[in-house]
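These notes are about the structure you will find just below.
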Amino acid sequence: MLEPYEWKRSRTVLRRERASNRPDLADYFPLVQALHGQVVRLATNSKDYLNPMDIQLSHKGDKEALKLKSDFLITLCDLIAGGKDGLENDEKGIIDTCIKHIYDGYFKHPKPENMPILEDLYNALLKYEPRDVAPEMQREAKQKAVRIANSLVLYVHGSQNYFNHRTNVDSHNRIMCFDIRDLGNQLKEIGMLIVQDAVWNRVSQNRERKVATRYYCDEFHLLLKEKQTAIYSVEIWKRFRKWGGIPTGLTQNVGDFLKSEEIEGILGNSDFVYLLNQNAKDQHILADKLGLSEKQLMHVTNSEPGSGLILFDNVVIPFVDKYPADTKTFAIMNTKPEESTAKEDEDS
């Protein structure tokens, strides 16, 4: 049996920022809506909720699903409560114990209304009673559990409790668009991590149905900027393909993208790289990272929109892709202000 070759591919798209054509997540809304997809706006004043405690059960049983969810929630707590040095191993063990306790009830009665929320983890940490700990260490273990719980107060009972709700959007729609633009500084990194977990849940769900999942992440350099989301991104690039996932990262900030400590893990697991126009500084870095010659770099020097280089395995292909401007899809996807204004004037 032959599998579609692209199922094995991860993609990276690198392009230089153009002042007249800056990407915005809102640019995707018309296309998603035209395809009857689900747009999820994540912001403190939004009524669209995404529950970080959502868990996807699989045919392998509850234990396998719980391992993946515990790994994510420990990472989330590390982001919130870890500080400069991160959580200690015994603190991670405390969180893991609480997580197992929280999901026991849900596994017995797996209904949407029984899905845990962040507040359940908070309460479990406050009530934590160490069992497999030496008597002289029990008080310290309880203190650590309370400390982690106190770090969650802002996100459970405080002004940043946006993610302390059950999911209320159509997570089964075949096209999902997550908008994190309006998340404030306190929730931006947490929100990026929660969206990544939601995507992973969808990949797990689709794997059970033997369906491929395509994941497109614009402004990808933002995920690589922070330690936890960068590490999680690399795991996605490594693990997605085995689970029927096809991740694609897009960025205009190539300099920031290439500064990431995790860049090798991303490029090393990307068999398809799509290069558009690059500035001189980024070109030299890309030439070194991707093994491009001066002649090949000419195709991404002052190049026209829609032209550049494709790197596929060990093959480098110059291309010109002139998208027809008289099509409905072009009108939906076009983001150039001057052309959008002209089109509106024609329609009026």
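When we follow my numbering, the leftmost residue of the sequence shown carries the number 1073, and every step to the right adds one. Virtual Cβ for every residue (Gly too), placed ideally from N, Cα, C.
Asp1157 and Pro1182 have their C-alpha atoms spaced approximately 37 Å apart. When DSSP states are grouped into helix, strand and coil, Gly1165 belongs to the helix group. Per the C-alpha coordinates, the member of Leu1226, Leu1197, Val1225, Tyr1100 positioned closest to Ala1213 is Leu1197. Segment contact: the region 1324-1339 against the region 1367-1381, fewer than three CB-CB distances shorter than 8 Å; contact not assigned. Between the C-alpha atoms of Pro1202 and Asn1123 there is a straight-line separation of about 28 Å.
Looking from the CA of Asn1195, the closest CA among Arg1211, His1173, Asn1186 belongs to His1173. Rounded to the nearest angstrom, the Cβ distance from Gly1109 to Met1248 is 7 Å, consistent with a contact under 8 Å. Counting C-beta pairs closer than 8 Å gives fewer than three between the region 1250-1258 and the region 1276-1286, which falls short of the contact rule. In the structure shown, Thr1285 falls within a strand segment according to DSSP collapsed to helix, strand and coil. Here Met1370 is not bridged, per DSSP, to any residue. Apart from the 5 residues on each side of it in sequence, Lys1164 sits with its Cβ closer than 6 Å to the Cβ of Ile1146 in its chain, given in chain order.
Per DSSP, the unbroken alpha helix (DSSP H) holding Leu1362 starts and ends at 1352-1362.
Note: Phe1391 is bridge-paired with Gly1380 in the DSSP secondary-structure output.
With respect to the 8 Å criterion, Met1125 and Ile1189 are classified as neighbours on the basis of their beta carbons.
Between Arg1274 and Trp1315, the C-beta spacing is not below 8 Å. Pro1182 is bridged by DSSP to nothing; it lacks a bridge partner. Within the region 1218-1299, complete beta strand (DSSP E) segments of at least 3 residues are found at 1248-1251, 1285-1289, given in chain order. If you check the CB distance, Gln1300 and Leu1151 come in under 8 Å. Excluding its 5 nearest sequence neighbours in each direction, Ile1357 has C-beta neighbours in its own chain below 8 Å: Val1326, Gly1327, Leu1330, listed in chain order. DSSP, read as helix, strand or coil, puts Gly1158 in coil. By the criterion of a C-beta distance shorter than 6 Å, Asn1240 is surrounded in its chain by Tyr1121, once the five residues flanking it on both sides are discounted. Membership of Thr1323 in the beta strand (DSSP E) is indicated by the continuous run 1317-1323. Residue environment analysis places His1293 among the buried positions, since at least 16 neighbouring C-beta atoms fall within 10 angstroms of its C-beta.
Assigned with DSSP and collapsed to three states, Leu1114 falls in coil, not helix or strand.
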